[in-house]
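Residue numbers (the numbering used here): 46 to 121.
These notes are about the structure you will find just below.
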Amino acid sequence: MVCGNHMNLQDDVNQVIIHELIHAYDECRAANLNWSNRSHHACCEGYTCSIIKLVEDLCMGKPRILGGYPRLFSRS
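If you want it as C-alpha cells, here you go:
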C-alpha cells in the first residue's frame, strides 16, 4: 500500500511502486533471501536503487553503463 498522505506527485508514487516491484522480483528469484538479515536487506536496497537509477538515466538518454555506477557491495 502506498500512503497518499506522503506522496504529492504521481512520479513519487510510481517510484515507490517500481521499487517494491523490484523487491517482489527478488523475493521470487532468490532462494535464500532473508529480509530479517540486515546484510540481505541492505544488499537488496542498494541493488534496487541502482536499477532504478540506471533505468532513469537510460530513459533520460544519458547511459553510464561501463563503469559509471558505483559498486555497492561485493560478493565474497
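All C-beta atoms, glycine included, are put in the ideal place defined by N, C-alpha and C.
Given the structure is predicted, the values throughout are model-derived calculations rather than measurements.
So Ala69 is in the alpha helix (DSSP H); what residue range does that whole segment cover?
Gln55 to Arg74
Among the candidates Leu66, Gln55 and Met52, whose CA atom is the shortest distance from the CA of Ile97?
Closest in alpha carbon position to Ile97, among Leu66, Gln55 and Met52, is Leu66.
Closest to Gln60 by CA distance: which of Val100, Asp71, Cys89 and Asn79 is it?
Nearest C-alpha to Gln60 among Val100, Asp71, Cys89 and Asn79: Val100.
Which first and last residues belong to the alpha helix (DSSP H) in which Ser84 is found?
Per DSSP, Ser84 belongs to the alpha helix (DSSP H) from Arg83 to Cys104.
Report the rounded CA-to-CA distance for Ser84 versus Met52, giving the unit in angstroms.
29 Å
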